[in-house]
Structures are given as C-alpha cells and as structure tokens.
Amino acid sequence: MGDKQPISTDHEDATFSRLEASFSQTKVLPRRNSIEMKDIFRHAQASDLEAKDLDFNFSLDRSNYPLGNLQSLQDVFPAVQHDMHLKNPRNFSDETDITCLDVNENTSSWHTLDSRGLTQLLQSIPKASHTNAPFGHSKPSRLLAFFVPLIPEKHTSFASRISMTQDNTMDLFKYLNADPSFIMNLLGRPDYWAPQTRWTSDSNSNILACDFYCQHPRWNLHFQGAPLSVYLRYNAALHLTTYIISHKEGDSSIQALQNIFDLTIETAPADQRVGILLDDPFDLAVILSTLSFEASKYHAQRFRRYMWSQINKVDDHLVGLEANDRRKLGELTKELQIISQNADSHLGNADVAIITATAIRTTHARLHEAMGSPARVFERASDSITYVIESMQKQKIWFLNYKNRKDSTMALVYNLVTQQDAASNIQLAASMKRDSTSMNAIAALTMVFLPGTFIATILSAGSLNGGGDNTRFESASVWWLWAAITVPLTLVVMSSWWLYKKRNDNVRPAPMAKEDEDRTPLPKRGTFRSLSFSSWSRRDSASGKV
Numbered sequence: 221m222g223d224k225q226p227i228s229t230d231h232e233d234a235t236f237s238r239l240e241a242s243f244s245q246t247k248v249l250p251r252r253n254s255i256e257m258k259d260i261f262r263h264a265q266a267s268d269l270e271a272k273d274l275d276f277n278f279s280l281d282r283s284n285y286p287l288g289n290l291q292s293l294q295d296v297f298p299a300v301q302h303d304m305h306l307k308n309p310r311n312f313s314d315e316t317d318i319t320c321l322d323v324n325e326n327t328s329s330w331h332t333l334d335s336r337g338l339t340q341l342l343q344s345i346p347k348a349s350h351t352n353a354p355f356g357h358s359k360p361s362r363l364l365a366f367f368v369p370l371i372p373e374k375h376t377s378f379a380s381r382i383s384m385t386q387d388n389t390m391d392l393f394k395y396l397n398a399d400p401s402f403i404m405n406l407l408g409r410p411d412y413w414a415p416q417t418r419w420t421s422d423s424n425s426n427i428l429a430c431d432f433y434c435q436h437p438r439w440n441l442h443f444q445g446a447p448l449s450v451y452l453r454y455n456a457a458l459h460l461t462t463y464i465i466s467h468k469e470g471d472s473s474i475q476a477l478q479n480i481f482d483l484t485i486e487t488a489p490a491d492q493r494v495g496i497l498l499d500d501p502f503d504l505a506v507i508l509s510t511l512s513f514e515a516s517k518y519h520a521q522r523f524r525r526y527m528w529s530q531i532n533k534v535d536d537h538l539v540g541l542e543a544n545d546r547r548k549l550g551e552l553t554k555e556l557q558i559i560s561q562n563a564d565s566h567l568g569n570a571d572v573a574i575i576t577a578t579a580i581r582t583t584h585a586r587l588h589e590a591m592g593s594p595a596r597v598f599e600r601a602s603d604s605i606t607y608v609i610e611s612m613q614k615q616k617i618w619f620l621n622y623k624n625r626k627d628s629t630m631a632l633v634y635n636l637v638t639q640q641d642a643a644s645n646i647q648l649a650a651s652m653k654r655d656s657t658s659m660n661a662i663a664a665l666t667m668v669f670l671p672g673t674f675i676a677t678i679l680s681a682g683s684l685n686g687g688g689d690n691t692r693f694e695s696a697s698v699w700w701l702w703a704a705i706t707v708p709l710t711l712v713v714m715s716s717w718w719l720y721k722k723r724n725d726n727v728r729p730a731p732m733a734k735e736d737e738d739r740t741p742l743p744k745r746g747t748f749r750s751l752s753f754s755s756w757s758r759r760d761s762a763s764g765k766v
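Residue numbers for the sequence shown follow the numbering used here, so the first one is 221 and each next one is one higher.
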C-alpha cells in the first residue's frame with residue numbers, strides 16, 4: 221500500500237478512443253455571453269433589444285379606488301393594472317346597456333339598466349360595517365347578477381368593449397369593492413388563466429367577504445369569440461351575493477342560465493323561492509360550469525364523427541374498397557392533421573374546465589364551512605360540481621384515446637404512401653429492365669454486323685490486294701505491321717482492365733450480415749466470373765441486408 225505509482229496526466233499515457241481523444245485535445249472556448257452577459261443573439265432584430273414586458277404607469281392617484289382603501293401589499297400591482305385598462309376610453313361604450321337580475325326576500329325581477337339606472341342601483345347598496353359583521357350561520361338575503369355583453373372593437377385592450385360607460389365601470393368596482401384585477405377578464409382577456417380568490421377576514425379570523433372569479437373554456441373551435449368570465453363576491457356583512465358576468469353577445473350559456481332563472485321564478489312556490497335562489501352563493505357559478513360541460517358534449521360528438529369519418533376512409537383503403545390513390549392519401553393526411561390540432565385544443569379546454577371546476581368546489585366548501593351552513597344548503601351544488609369534474613376527467617381520457625387513434629392512423633397512412641412509393645419504384649425498375657433488354661438486343665444486332673464491317677474496312681484499306689487473275693489475294697507489305705501492333709495492344713488493354721476489376725473486388729467486398737461472418741467462405745470465382753460488370757452479386761447483397 222505504501223508504494224503507489226503516480227498517475228500520469230499526459231495525453232500520451234492515457235487511453236482514449238478516437239472520439240474521446242478529439243475531445244481531450246480540442247480547446248473549448250467559453251461563450252462570450254456566459255461571462256460578460258452582453259452578447260446579442262445573432263438573429264435578433266432591433267425591436268427585440270428593447271423589450272417592454274412590464275410597461276406600466278405607476279403614477280396613480282392614490283385617493284381613487286382601489287388605492288384609497290389599500291389593505292395589503294398584494295393590492296398595489298392589481299391597482300396599477302386596473303388603472304391602465306380603465307384609462308383606455310375605447311374599452312367602454314358611450315351608454316350603458318346591461319341586464320341585471322335582482323333577487324331579495326320579497327321580489328325577483330329582471331332589469332335592463334342604462335347609465336342612470338345602474339348608478340341608482342349601486343348607490344342603493346348599503347356600505348358594509350365590519351363592526352356588526354355576522355359570525356356563523358350567515359344567510360344571504362339579496363342577489364345581484366350583472367350581465368355585461370362584450371362587443372368586438374379595434375384598438376381596445378382585448379379586441380372588445382363592454383356595453384358600459386367608463387364612469388359606470390368605476391362605480392361598479394367601487395361600490396361593490398370588487399377585485400381590481402377582474403377588469404381584465406371583464407374586458408374579454410382571452411388568456412384563460414387560473415381562477416382567483418380573495419378572502420377578507422376580521423381580527424378574529426371571521427370571514428367578512430369572499431371573492432372568486434374565473435373563465436370558462438370556449439368549446440366551439442370554429443368560431444372565435446370573447447370568453448365567458450364570471451366574478452362572484454359574497455359580502456357576509458351585507459348578506460349580499462354579487463355576480464358580474466362578462467360574455468359575448470348571444471352566448472348560449474347565458475341564454476340557458478336566464479331561462480333557468482325564469483323557469484325557477486315561475487315554478488318555485490312563493491315560500492321556497494327565496495331559499496332556492498339565495499341560500500347558496502355559488503349556485504350560479506356551479507350552473508355555468510354544468511352548462512359549459514353540457515356544451516362540450518355537442519362539440520366533442522362533432523369532433524368524434526369527423527374523426528371516425530376519416531378513419532373509415534383509411535379502413536376502406538385497407539380492405540380495397542378505395543384505390544390507393546396518392547392524392548386521396550395526401551388529403552387524408554391533411555384531415556388527420558386537423559384532427560390532431562382539434563384534439564389538442566379540446567384537451568386544453570378539458571384541463572381548463574377541470575381546473576376551474578376544482579377551484580369552484582374548493583372555494584365553495586371553504587365558504588360554507590365558514591358560514592356554518594347546514595348540509596341541505598350546499599350538498600346539491602357540491603354534488604353537481606363533483607360530477608362536472610369527474611365527467612371532464614373522463615372526457616379528457618377519451619380525447620387522449622382519440623389522439624392515440626389518430627397517431628396510429630397517421631402512421632398507417634404514412635406506411636400506405638410508402639408502400640405505394642415502393643410499388644412505383646418496382647414498376648420503374650421493371651420498366652428500366654425492359655429498356656435494358658432492348659438495349660442488349662440492339663447491341664447484339666450491332667455485333668452481328670460489326671465483324672463484316674470491320675473486314676470490309678480492312679479489305680478497302682489496301683492491306684490485301686487481289687491478284688492479276690482475280691483468283692487469289694496478295695498481302696501488302698504493311699499487313700504484318702498492323703497485326704504486330706493490334707494483337708499486343710489488345711492484350712495489354714484487356715489485362716489492364718482485368719487487374720483494375722480485381723483490385724476493386726478486394727477494396728469493396730460484398731456486405732455480409734452479422735450472423736454470416738462465421739459461415740464457410742464462398743469458393744473463389746474463376747477468371748471469367750471476376751470479369752463481370754458487378755463487383756458483388758445481387759444474391760450476396762440481399763443476404764447482407766436481411
């Protein structure tokens with residue numbers, strides 16, 4: 221153990237493979253930007269050098285909402301975002317025209333509000349007093365649901381404007397004490413980010429208010445419209461549930477929701493109507509998730525029919541009902557690519573729906589736990605949202621299955637096209653073989669006439685002359701010179717060509733399969749075989765490729 225040999229660090233003493241040796245001897249220069257951090261990407265454009273990714277105006281009026289009632293550091297940046305979008309006049313209309321559902325303990329009615337009507341309604345809402353906030357068993361006594369249509373418009377924040385004036389929008393957020401970040405969803409932001417919550421508690425950890433807002437996925441892939449954005453705020457001090465729902469004009473979910481409310485108001489007994497409409501603040505949010513899931517069934521079935529129609533066309537090609545037309549197979553490839561894109565979009569929609577419904581269930585359970593509600597109040601909504609979540613998870617499984625079917629069908633179409641190309645190549649090779657046979661026939665026919673032509677050339681050259689009696693030939697004095705040069709030269713050319721072919725046979729042997737290396741070597745070919753036009757036979761090459 222005491223006598224240890226020193227480890228050599230010289231490249232000459234180390235054992236490297238050729239690849240490793242090239243790595244060990246190559247000097248690797250560090251990237252400039254890895255040290256200086258000043259290098260510019262070589263393909264960057266001038267506009268890329270000035271990235272204004274956080275271009276906000278932080279000079280705000282601190283007396284206005286929401287900085288006028290600042291309670292947390294987390295509320296500062298949402299206030300900056302709120303101010304940026306609120307200052308763009310193109311985001312708003314010249315006159316307010318929205319629909320409002322007002323449900324209290326006495327009446328249930330729909331209202332169409334203009335600027336004055338909305339202002340009066342907001343001013344009628346009492347201000348919350350945290351000193352007399354209810355603790356436990358808080359029961360809602362009023363519901364206000366504002367339905368705000370989105371109208372397509374250029375030069376706006378998100379390509380839409382709401383049918384409310386700028387002043388009414390400021391009052392809506394101020395009087396309801398709504399989360400300022402929701403203004404982006406209200407204006408039709410199509411990003412479908414995660415649902416957000418905002419809880420407000422007193423010094424004793426009693427919940428005073430709960431804010432929740434989200435966006436539902438757009439299942440119709442053939443029509444680009446504004447998203448459906450839902451904002452819910454439950455104010456425990458005022459027993460007030462408020463909804464702000466931003467939607468495109470003619471949204472099917474909104475129409476269905478309004479019909480559900482109308483049917484409930486007309487059908488429910490007078491003594492139970494208030495409890496049905498007011499007891500659970502999350503009823504509207506759960507119903508909208510259910511309607512979104514029901515709408516997805518139609519579009520999923522439409523996608524399924526389209527996918528199977530294309531897969532059936534591929535099956536027809538397999539069984540021979542359709543001719544293997546390359547043009548038709550190319551069209552099928554395009555259709556399968558469309559199926560792949562739609563499947564990816566529906567998978568994304570399913571994930572968005574699952575995340576949204578899961579957030580609704582979590583917030584719904586926490587709110588009723590804080591309110592101390594009896595089970596009969598929230599169990600129906602809880603069961604409904606659980607059904608939506610599990611159904612969307614199963615629908616996602618089906619979409620993954622459809623995508624796998626598409627992948628296998630796409631591979632099959634590719635194989636059909638490849639086989640058709642191979643068949644075309646075989647037909648081309650057969651045609652070339654027929655052409656080669658014709659050329660061989662032409663060459664053989666030429667060889668039939670070439671000796672006679674050659675002899676006629678020799679006779680006409682004067683090397684042989686007829687005798688005086690025309691019964692014999694006399695050889696000219698140059699005949700022996702022609703023969704002495706032609707015969708050796710022919711032998712030299714043939715020998716040189718034979719040596720050249722033999723050298724090529726040694727340099728490029730026929731390929732052999734791995735399992736053929738231990739076989740008995742083939743017997744050497746004779747001289748005549750070695751003069752063939754191929755350095756190795758097709759049979760030997762085929763054995764090496766199997």
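Ideal Cβ positions, reconstructed from N, Cα and C, are used throughout, including at glycine.
Tell me the DSSP secondary structure of residue i in three-state form.
i           : result
residue 435 : strand
residue 452 : strand
residue 413 : coil
residue 318 : strand
residue 751 : Confidence is the limiting factor: at residue 751 the pLDDT is only 39, short of 50, which leaves the residue's position unreliable, though a coordinate-based value still follows. Three-state DSSP puts residue 751 in coil, outside helix and strand.
residue 289 : helix
residue 596 : helix
residue 297 : helix
residue 580 : helix
residue 402 : helix
residue 460 : strand
residue 347 : coil
residue 282 : coil
residue 447 : coil
Distance check for residue j and residue i, CA to CA, integer angstroms please.
i           : j           : result
residue 463 : residue 274 : 31 Å
residue 630 : residue 550 : 11 Å
residue 466 : residue 446 : 9 Å
residue 442 : residue 523 : 11 Å
residue 434 : residue 295 : 18 Å
residue 360 : residue 589 : 15 Å
residue 633 : residue 396 : 59 Å
residue 609 : residue 503 : 16 Å
residue 399 : residue 421 : 15 Å
residue 556 : residue 527 : 8 Å
residue 478 : residue 271 : 45 Å
Any C-beta of chain D sitting closer than 8 Å to the C-beta of residue i?
i           : result
residue 365 : The displayed structure is made up of one protein chain only, and chain D is not part of it.
Quick one: residues in its chain with C-beta nearer than 6 Å to the C-beta of residue i, no 5 flanking neighbours on either side, listed in chain order?
i           : result
residue 563 : 619, 622, 623
residue 432 : 417, 452, 583
residue 765 : At residue 765, the pLDDT of 38 sits below 50, so the modelled position is not reliable; the number obtained from the coordinates is stated separately. Cβ neighbours of residue 765 beyond the five flanking positions: none.
residue 553 : 633
residue 454 : 430, 461, 501
Any idea if residue i is buried or exposed, counting beta-carbon neighbours within 10 angstroms, 16 or more meaning buried?
i           : result
residue 627 : exposed
residue 408 : buried
residue 391 : buried
residue 659 : exposed
residue 439 : buried
residue 662 : exposed
residue 285 : buried
residue 539 : exposed
residue 305 : buried
residue 364 : buried
residue 743 : Legend: pLDDT at residue 743 = 48, less than 50; position of this residue unreliable, value from coordinates given subsequently. The residue is exposed, with fewer than 16 neighbouring Cβ atoms inside 10 Å.
residue 264 : exposed
residue 594 : exposed
residue 487 : exposed
Look at the Cβ atom of residue i, then the Cβ atom of residue j, and state whether they are nearer than 8 Å.
i           : j           : result
residue 476 : residue 511 : yes
residue 650 : residue 437 : no
residue 509 : residue 575 : no
residue 377 : residue 301 : no
residue 494 : residue 325 : yes
residue 579 : residue 506 : no
residue 319 : residue 367 : yes
residue 565 : residue 515 : no
residue 332 : residue 388 : no
What residues in its chain sit with their C-beta under 8 Å from that of residue i, if we drop five residues either side in the sequence?
i           : result
residue 313 : 371, 381, 382, 383, 384, 385
residue 546 : 637, 640
residue 567 : 616, 619, 620, 623
residue 740 : Any answer about residue 740 is weak, because its pLDDT of 49 lies below 50 and its placement is not dependable; what the coordinates show is given next. None.
Apart from the five residues just before and just after residue i, which ones in its own chain have a Cβ nearer than 7 Å to its Cβ?
i           : result
residue 644 : none
residue 287 : 280, 299
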